[in-house]
Amino acid sequence: MRRQALSPHTCAGLQATYINLSHLQHGYPAPAIWSSRPISLVMSQSLRPYLQCVRSSVTAALCLSNFASQTSERHNVPEIEAQTSPEVLLTPLVIARNENEKVLIEPSVNSVRISIKIKQADEIETILVHKFTRFLTQRAEAFFILRRKPIKGYDISFLITNFHTEEMLKHKLVDFIIQFMEEVDKEISEMKLFLNARARFVAESFLTPFD
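Numbering follows this note's numbering, with no gaps: position 167 of the sequence shown is 250.
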């Protein structure tokens with residue numbers, strides 16, 4: 084499989100969209116593109132360029148428009164979910180910080196699906212992520228764009244349609260996705276620290292009578 088260097092100003096992957104990655108040139112190595120579907124961007128270990136690339140990609144993918152269903156009269160369905168008209172589905176894009184932390188963006192003419200794989204370095208983080216995402220998905224209706232069931236291989240998924248972009252500010256939707264990615268990492272880290280501290284306290288209390 085041939086590896087090809089990424090241009091500093093373009094990022095292939097979303098058909099008929101332009102993604103500005105010039106901010107990655109300030110001291111960070113350029114990502115690389117592997118010629119496969121979906122296109123995968125291998126990012127550096129730093130969080131900032133990873134989030135900036137996700138922001139640019141999601142912003143480009145949110146160029147949505149109203150599109151009537153070609154199979155059901157007087158119906159408008161998210162084409163990325165229906166999968167009935169291949170010609171209106173664009174190229175999916177995977178942005179990976181590492182093998183355990185990545186984002187899948189699946190754009191179409193009237194909807195885009197964003198799936199996030201949260202970092203899980205050990206078994207404790209795996210359990211915490213599962214409980215955390217399950218808590219959120221059970222309350223999906225309160226988040227409007229949150230999908231009740233994530234895409235296979237990812238921890239949580241969002242579905243944004245043209246109705247969302249018409250009723251809400253597009254840049255605020257992007258900010259919400261980025262802020263969620265920032266906050267979930269902090270929340271998992273804090274819960275892990277609290278759990279480890281609690282485990283040490285319980286272990287010390289249990290061993291005290293044997294001193």
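Cβ atoms here follow ideal geometry from the backbone N, Cα and C, with glycine treated the same way.
In chain order, Leu229, Arg230 and Arg231 place their CB closer than 8 angstroms to the CB of Ala223, counting only its own chain and leaving out the 5 sequence neighbours on each side.
Judged by DSSP in its simplified three-state form, Leu256 adopts helix. Distance from the CA of Asn279 to the CA of Ser240, rounded to the nearest whole angstrom, comes to 29 angstroms.
As a beta-bridge residue in DSSP terms, Lys200 pairs with Lys185. The Cβ neighbour count for Glu184, taken over all protein chains shown within 10 Å, is at least 16; the residue is labelled buried.
Annotated three-state conformation of Val192 is coil, per DSSP. As for any alpha helix (DSSP H) of minimum length 4 sitting wholly inside the segment 208–282, the runs are 245–250, ordered along the chain. Within the same chain, Cβ atoms closer than 7 angstroms to the Cβ of Gln203 are found at Asn183, Thr209 and Val212, the five residues on either side in sequence being excluded.
Under DSSP, Leu134 takes part in no beta bridge, so it has no partner. Comparing alpha-carbon positions, the option among Ile234, Met274, Arg196 and Ala282 lying closest to Leu172 turns out to be Arg196.
DSSP places Leu147 in the coil class of the three-state scheme, outside both helix and strand. With three or more CB-CB distances shorter than 8 angstroms, the segment 140–160 counts as touching the segment 249–267.
For the pair Glu162 and Ser155, the CB atoms are not nearer than the 9 angstroms cut-off. In the DSSP assignment, Glu164 falls within the unbroken alpha helix (DSSP H) covering Glu162 to Ala165. DSSP lists Ser191 as the beta-bridge partner residues of Leu172. Residue nearest to Ala151 within the set Ser191, Lys214 and Ser198 is Ser191 (criterion: CA-CA distance). With distances taken between CA atoms, Glu164 lies nearest to Pro233 out of Asp258, Leu290, Pro233 and Arg157. The beta carbon of Gln166 lies closer than 8 angstroms to those of Leu172 in the same chain, with the five residues before and after it left out.
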